[in-house]
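Sequences listed follow chains A and B, in order. Residues in the first sequence are numbered from 1 upward in steps of one, following my numbering. Residues in the second sequence are numbered from 291 upward in steps of one, following my numbering. Each residue gets a CB set at the ideal place from its N, CA and C atoms; glycine is no exception. Here the structure is a predicted model, which means the values were calculated and not measured.
Protein chains: 2
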Amino acid sequence: MDEPIFKTVAVIGTGVLGGSIGLAVKAADERITVIGIGRRKSTLERAIKAEAIDDTTLDTAKGVSQADIVILAIPISAYEKHLLNMRDALPRNAVVTDVGSTKAIVVKLAQNILGKDGPFVGSHPMAGSERRGVEFARADLFNGATCIVTPTQHTKASCLKRVVKFWKMLGANVVRLSPLEHDKAVAYVSHLPHILAALIIACQNNKHIKLAGKGFIDTTRVASGSPDMWREIILTNRKAILSAIDQADEQLMYLRDLIEAGDGEGIEQYLARAKTRRDALIAKQLKHLD
Amino acid sequence: MDEPIFKTVAVIGTGVLGGSIGLAVKAADERITVIGIGRRKSTLERAIKAEAIDDTTLDTAKGVSQADIVILAIPISAYEKHLLNMRDALPRNAVVTDVGSTKAIVVKLAQNILGKDGPFVGSHPMAGSERRGVEFARADLFNGATCIVTPTQHTKASCLKRVVKFWKMLGANVVRLSPLEHDKAVAYVSHLPHILAALIIACQNNKHIKLAGKGFIDTTRVASGSPDMWREIILTNRKAILSAIDQADEQLMYLRDLIEAGDGEGIEQYLARAKTRRDALIAKQLKHLD
């Protein structure tokens, strides 16, 4: 067997995402050491118990000092502190990435602290959980998932290459977009569905919600996600999300007109087009997982 | 063991819902005979093969002539024909119900044909599948699901009682609403989520939809349902659905304002309230299934 590309991986944050990274790394190559960095000893101990990490530290500088790759798996509001703490401790060839759901603000912040052509390359694996905590971490969370990697014109090819290799090692399907392209795309494909899931619940009175079936439960699943995390995602991607909302409003008014007019043909065509596109998406994803 | 309450059950339509009724009836009491009524021999044969029904006929009058209960599990547009065909063939004590997603139009139609105080009591089990065909039928589809039963002021207590007993036998949690109350409630808790799931897909361009993750797949699951069936549901519940859409539009504009203003506190509260209500709903449903 070849030498592993990464000998030591440092994960900052050992919740459901950081924990899943640890489990996935160890499943990919058990010779890799995973160091968990966090601010609470008890959280890190839970990650050790879940066998998601091998070693722990509360000290970011110490934790990254041997790492080939560092992954930020914490709320965006905590990035600055950790980036500042790791700046002078990172090994020369280490790369730094993250799992944050918005990228323009994050990449700018990391470039300011670690250098425009520094070791940071933003990532956003399109996989997650509405649950919190390492107990919900899964070794296969990224397997078959899309991971968007967001280099800029200043990103060194060698850094990009290593971050792409990392996600591929975990089974992800890597897509490259600029940070701004990323933010626009996820406003539509991730943030808008999240907002509409919460909105669907807000539209129910207490009598109606009691009648909810499995369709309702699935349609609103993402709305059980962490409100403070999603507050941050929305606030760091406002402009793109407002465009997506305006698009949704246009579609809603279009559908309203069809329904008010009793245009059965138009309604069926609208629903059929949605079905066709979703079914094609699923067929493709299933194929990818084969 | 007591005599079964129902000795013979006739199911009109043996797709995923009719098939699941057959499987569930036989799982509840194997002494019950299930007769499948349909218009295609091949469909009925698939249901026999799936062991969802014991016997088949293409003749509605013949199929219902021995039945203690008849369940319409077909598109609403096909109700009239079958109700007319069964009218003079129904045994004296038989009850008739259905699984249709709207009730005011259906109950009125059935009352017109079978009599205002006749044997029809509308039902709507809040369980289903976006898949079609008896191959996706499940014996436990109704177990723990809510089933809305919709008597009117003319419904005989004995008929209502037997329809309620039927759904309870399949494990459903029965709720009684008037046909109009039902239609209003499901416009919010079922039809609006369906419409918004299709809308979410319509908002994506071809580049964005490729990035879809599991959240997107779940949020839009119901949009893979049958477009012609949903066309019918929407057209038979237009007024209530338009109210639900107007409510959704108000909520969308409220959220838009919060996001445009960068009101983090307001956004988090909105999301937190949705999460709390969904989590409570799930806790309750899980408890019910215990």
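Reduced DSSP category for residue i - H, G, I as helix; E, B as strand; rest coil
i: residue 102/A; result: coil
i: residue 300/B; result: strand
i: residue 373/B; result: helix
i: residue 466/B; result: strand
i: residue 136/A; result: helix
i: residue 414/B; result: strand
i: residue 456/B; result: helix
i: residue 333/B; result: helix
i: residue 60/A; result: helix
i: residue 380/B; result: coil
i: residue 326/B; result: strand
i: residue 290/A; result: Residue confidence for residue 290/A is low, a pLDDT of 46 falling below 50, so the modelled location carries little weight; the figure read from the coordinates is stated next. Coil.
i: residue 362/B; result: strand
i: residue 55/A; result: strand
i: residue 485/B; result: helix
i: residue 338/B; result: helix
i: residue 450/B; result: helix
i: residue 148/A; result: strand
Straight-line gap, residue i to residue j (C-alpha atoms, nearest Å)
i: residue 328/B; j: residue 225/A; result: 44 Å
i: residue 175/A; j: residue 467/B; result: 50 Å
i: residue 62/A; j: residue 50/A; result: 23 Å
i: residue 137/A; j: residue 18/A; result: 8 Å
i: residue 374/B; j: residue 400/B; result: 9 Å
i: residue 236/A; j: residue 100/A; result: 10 Å
i: residue 20/A; j: residue 134/A; result: 7 Å
i: residue 239/A; j: residue 550/B; result: 8 Å
i: residue 215/A; j: residue 117/A; result: 47 Å
i: residue 570/B; j: residue 434/B; result: 16 Å
i: residue 535/B; j: residue 297/B; result: 44 Å
i: residue 580/B; j: residue 574/B; result: Note that residue 580/B scores a pLDDT of 45, beneath 50, so its modelled location is shaky and nothing firm can be said.
i: residue 209/A; j: residue 251/A; result: 25 Å
i: residue 572/B; j: residue 442/B; result: 31 Å
i: residue 459/B; j: residue 409/B; result: 19 Å
i: residue 199/A; j: residue 161/A; result: 40 Å
i: residue 300/B; j: residue 372/B; result: 12 Å
i: residue 229/A; j: residue 557/B; result: 11 Å
i: residue 318/B; j: residue 564/B; result: 37 Å
i: residue 636/B; j: residue 412/B; result: Lying outside 291 to 580, the shown extent of chain B, residue 636/B is not represented and no answer is given.
i: residue 537/B; j: residue 473/B; result: 16 Å
i: residue 496/B; j: residue 334/B; result: 40 Å
i: residue 560/B; j: residue 180/A; result: 27 Å
i: residue 418/B; j: residue 429/B; result: 12 Å
i: residue 582/B; j: residue 187/A; result: Residue 582/B lies beyond the stretch modelled for chain B, which goes from 291 to 580, so this question has no answer here.
i: residue 66/A; j: residue 494/B; result: 43 Å
i: residue 46/A; j: residue 395/B; result: 56 Å
i: residue 255/B; j: residue 531/B; result: For residue 255/B there is no data in the structure shown, the boundaries of chain B being 291 and 580.
Cross-chain neighbours of residue i in chain A, by beta carbon under 7 Å
i: residue 432/B; result: Simply none; closest approach about 11 Å.
i: residue 520/B; result: 271
i: residue 483/B; result: 200, 215, 216, 219
i: residue 546/B; result: 242, 245
i: residue 581/B; result: The question about residue 581/B has no answer, for chain B in this structure spans 291 to 580.
i: residue 524/B; result: 259, 267
i: residue 588/B; result: Residue 588/B is absent from the model: chain B starts at 291 and stops at 580.
Interface residues of chain B facing residue i [CB-CB closer than 9 Å]
i: residue 183/A; result: Within chain B, no residue comes near residue 183/A; the closest Cβ sits about 12 Å away, beyond 9 Å.
i: residue 169/A; result: In chain order: nothing, as chain B lies at least about 19 Å away.
i: residue 175/A; result: 500, 501
Where residue i meets chain B, residues with beta-carbon distance less than 8 Å
i: residue 260/A; result: 528, 532
Within chain B, the residues that residue i reaches when beta carbons sit closer than 7 Å
i: residue 208/A; result: 475, 478, 479
i: residue 224/A; result: 565, 568, 569
i: residue 148/A; result: 501
i: residue 204/A; result: 478, 479
i: residue 127/A; result: 503, 504
Within chain A, the residues that residue i reaches when beta carbons sit closer than 8 Å
i: residue 309/B; result: Correct list: empty, because the minimum Cβ distance to chain A is about 17 Å.
Under 9 Å by beta carbon: chain A residues contacting residue i
i: residue 542/B; result: 195, 196, 199, 245, 248, 249, 252
Proximity test, residue i beta-carbon vs the ligand FAD heavy atom, cut-off 7 Å
i: residue 523/B; result: Summarising the ligand content, the structure contains no ligands, and the ligand FAD is consequently not present.
### Query
Is the segment 85–94 of chain A touching the segment 209–221 of chain A, taking contact as three or more C-beta pairs under 8 Å?
no
### Task
Report the residue ranges of all alpha helix (DSSP H) runs contained in full by the segment 200–282 of chain A; include only those spanning at least 4 residues, in chain order.
206–209, 214–219, 227–235, 238–260
### Query
Given 8 Å as the limit, is there contact between the segment 299–308 of chain B and the segment 341–351 of chain B, that is, 3 or more CB pairs closer than that?
They touch, by the three-pair rule.
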